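What follows is a short report on a single structure.
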Amino acid sequence: LRRSNEGYYSPESPLSLQIKRLFSEGTTKGIHLILSFSGIKALSNVFDIRRSLAYFRHRVALQISEDDSFTFVNDRQASRLQADGDVPIQALYLDVESDRTTLFKPYSTESTPDFQEQLETIANTLINRI
């Protein structure tokens, strides 16, 4: 999905109408969208940021530029998440409606050690805390 060269969806596009309907009516019908973009530029290739971003109450950002941080989370916090290096050590969650941010550690599983070993390590850590 990509916006037209003029920067706007074609009003006749059925896909455009469906996406706009999901934005505006989806949550009342139990439909929620989770979207992932590599940055604001990639997001702007698909959506008109000024119009569409308002539909997303919950936002999560990893390290982004200061300008992108202001655009996405209305603050420069997301531009300061990796002050200690290149590894994403923190992520920022924003609840737009309550204007509250939370820093958290983003975790992922790696291919080594295998997934079962990782689960056992996590389980042992939790058991030792009790």
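First residue of the sequence shown? That's 347 in this note's numbering, and the numbers climb one at a time after it. For every residue, glycine included, the Cβ atom is placed at its ideal position computed from N, Cα and C. Predicted, not measured: the structure shown is a model, and the values here were computed from it.
Per-residue burial, residue i [other beta carbons within 10 Å of its own, 16 or more giving buried]
i      : result
SER370 : exposed
ALA531 : Outside the displayed span of the chain (347 to 476) sits residue 531, for which this structure offers no information.
GLN409 : buried
PHE393 : buried
Beta-carbon proximity check, residue i vs residue j, cutoff 8 Å
i      : j      : result
LEU449 : LEU440 : no
GLY385 : ASP414 : yes
ARG422 : GLU412 : yes
LEU368 : LEU381 : no
ARG396 : VAL442 : no
Residue i - DSSP class collapsed to helix/strand/coil
i      : result
ASP414 : helix
LEU440 : strand
LEU399 : helix
ALA407 : strand
LEU361 : helix
LEU479 : The question about residue 479 has no answer, for the chain in this structure spans 347 to 476.
Element boundaries [beta strand (DSSP E), containing residue i]
i      : result
LEU449 : 446 to 450
Alpha helix (DSSP H) segment containing residue i, residue limits
i      : result
LYS375 : That residue, LYS375, is in no alpha helix (DSSP H); it is neither H nor E in DSSP.
ILE435 : Taken as a continuous stretch (DSSP letters only), ILE435 belongs to no alpha helix (DSSP H), as it is neither H nor E.
ILE386 : 386 to 392
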